[in-house]
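Participant:
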Amino acid sequence: MIFDAHIHTDFSSDSKMLLTDAMMRAKECGIGLITTEHMDLLYPKHDQLIFDVDDYFATYNQYRSNHLLLGIELGMRTECVTENYAIVKKDRFDYVLGSIHMVEGIDIYYDFFYENRTKAQTYASYFETMAKCVKEYKFIDALGHIDYIARYAKYEDTEIYYHEFQDFIDEVLKKTIANDIVLELNTRRLGERSVVNALTPIYKRYYELGGRLVIIGSDAHTQQAIGSNFAIAKEFLEQCQLQLIYFKNRSPEYMVEK
Ligand SMILES: [Zn+2]
Ligand SMILES: [Zn+2]
Numbered sequence: 475m476i477f478d479a480h481i482h483t484d485f486s487s488d489s490k491m492l493l494t495d496a497m498m499r500a501k502e503c504g505i506g507l508i509t510t511e512h513m514d515l516l517y518p519k520h521d522q523l524i525f526d527v528d529d530y531f532a533t534y535n536q537y538r539s540n541h542l543l544l545g546i547e548l549g550m551r552t553e554c555v556t557e558n559y560a561i562v563k564k565d566r567f568d569y570v571l572g573s574i575h576m577v578e579g580i581d582i583y584y585d586f587f588y589e590n591r592t593k594a595q596t597y598a599s600y601f602e603t604m605a606k607c608v609k610e611y612k613f614i615d616a617l618g619h620i621d622y623i624a625r626y627a628k629y630e631d632t633e634i635y636y637h638e639f640q641d642f643i644d645e646v647l648k649k650t651i652a653n654d655i656v657l658e659l660n661t662r663r664l665g666e667r668s669v670v671n672a673l674t675p676i677y678k679r680y681y682e683l684g685g686r687l688v689i690i691g692s693d694a695h696t697q698q699a700i701g702s703n704f705a706i707a708k709e710f711l712e713q714c715q716l717q718l719i720y721f722k723n724r725s726p727e728y729m730v731e732k
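Going by the numbering used here, the letters in the sequence shown line up with residues 475 to 732, in that order.
(1) Mind listing, in chain order, the residues whose beta carbon lies closer than 7 angstroms to a non-hydrogen atom of ligand 1?
(2) Going straight from the alpha carbon of L647 to that of D641, what length do you get?
(3) How is the alpha helix (DSSP H) around V555 delimited, first residue to last?
(4) Going by beta carbon distance, what residues of the same chain come within less than 6 angstroms of G665, once the five residues before and after it are set aside?
(5) Okay, do the segment 657-672 and the segment 710-717 touch, 3+ Cβ pairs below 8 angstroms being the bar?
(6) Return yes when the Cβ of L523 is within less than 9 angstroms of the Cβ of H541, no when it is not.
(7) T510 and Y559: beta carbons closer than 9 angstroms?
(8) Going by other Cβ atoms of all chains shown within 10 Å of its Cβ, with 16 needed for buried, is V730 buried or exposed?
(9) Within the segment 607-651, note down every full alpha helix (DSSP H) run reaching 4 residues or more, in order along the chain.
(10) Going by the CB atoms, is the gap between R686 and Y636 shorter than 9 angstroms?
(11) Using CA coordinates, which residue listed in A479, E502, K519 and I505 is at the minimum distance from S487?
(12) Between K612 and V562, what straight-line distance do the alpha-carbon atoms span, to the nearest angstrom?
(13) For the segment 539-554 against the segment 586-597, do three or more pairs of beta-carbon atoms, one drawn from each stretch, fall closer than 8 angstroms, so that the two count as touching?
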């Protein structure tokens, strides 16, 4: 089965999607789901982007099946590695996704992160933070949306070009592979050809450096976004010779079309 391995239901403070609605949509699409609720420890706004893990399992365990798996998206920061490890170490989750949402203590969604700084400066800081975190978060299963900054940066062209940030990206990819962490292909931005073109050399480089496995996810916060651009993603991964997998009980499983 193909899985959308990155979705947010209303356990994430930025999503109102009900799990049952997400499941209905997934059934229509003929795909499975892995929920990945936001856990961004030390987030500056109190009570945002965190959730009660016990409540999560108590509420969702009844829906758990071979096609509905329960995961978490950890917002990685170097200041709270131990605390994040404590959350996931009990192995109750099927899947642990690690992502960079904050750089230098700032949510990079906000404009002021980019104020008075060039793209070269902010992107360097973003990739350095990512490399550091991937090195320290050895316990995550996959690295989320390597292109996250391109969604929100305040430059005329926000795209990540491999040749511009080669050394930084190589560092991230090498550490990812060295720690047996799988690279996610976040499908949210894949609808545009220019995005596919920019991401191709990054994923080809991942292969060149020894990476073989990729997990895909839409990062859906709404029912409609579930499974978005999956056909493009599958073609993309074939071109890069990468193998699609998902995680169940923290172990990789091959994704195969039914
Ligand atoms: Zn994320
Ligand atoms: Zn997400």
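Glycine residues also receive a C-beta, built at the ideal position from the N, C-alpha and C atoms.
The model shown is predicted, which means the values in this text are computed figures rather than measured ones.
Facilitator: On the basis of the supplied data:
(1) My final list is E547, S573, H575, G618, H619, Y622 and D693.
(2) Here residue 647 refers to the residue found at position 173 when the sequence shown is read from its first residue. Here residue 641 refers to the residue found at position 167 when the sequence shown is read from its first residue. C-alpha separation (whole angstroms): 10 angstroms.
(3) For the purposes of this step, residue 555 is taken as the residue at position 81 of the sequence shown. Looking at the DSSP string, the run of the alpha helix (DSSP H) that includes V555 is V555 to V562.
(4) Along the sequence shown, read from residue 1 onward, the residue named residue 665 stands at position 191. Excluding residues within five positions, the ones whose Cβ falls inside 6 angstroms are N703.
(5) With the cut-off at 8 angstroms, the segment 657-672 and the segment 710-717 touch.
(6) For the purposes of this step, residue 541 is taken as the residue at position 67 of the sequence shown. For the purposes of this step, residue 523 is taken as the residue at position 49 of the sequence shown. Cβ distance not < 9 angstroms, so H541 and L523 don't count as in contact.
(7) Translated into positions along the sequence shown, residue 510 becomes position 36. Translated into positions along the sequence shown, residue 559 becomes position 85. Between T510 and Y559, the C-beta gap is not smaller than 9 angstroms, which leaves the two residues out of contact.
(8) For the purposes of this step, residue 730 is identified with residue 256 of the sequence shown, where counting begins at 1. Classification for V730: exposed.
(9) Correct list: 622-626.
(10) To locate residue 636, count along the sequence shown from 1; it is residue 162. To locate residue 686, count along the sequence shown from 1; it is residue 212. At a Cβ-Cβ threshold of 9 angstroms, Y636 and R686 do not count as neighbours.
(11) Within the sequence shown, numbered from 1, the residue matching residue 487 stands at position 13. The candidate whose alpha carbon is nearest that of S487 is K519.
(12) Your numbering for residue 612 matches position 138 in the sequence shown. Your numbering for residue 562 matches position 88 in the sequence shown. For K612 and V562, the distance between alpha carbons rounds to 12 angstroms.
(13) Cβ pair count under 8 angstroms is below three, so no.
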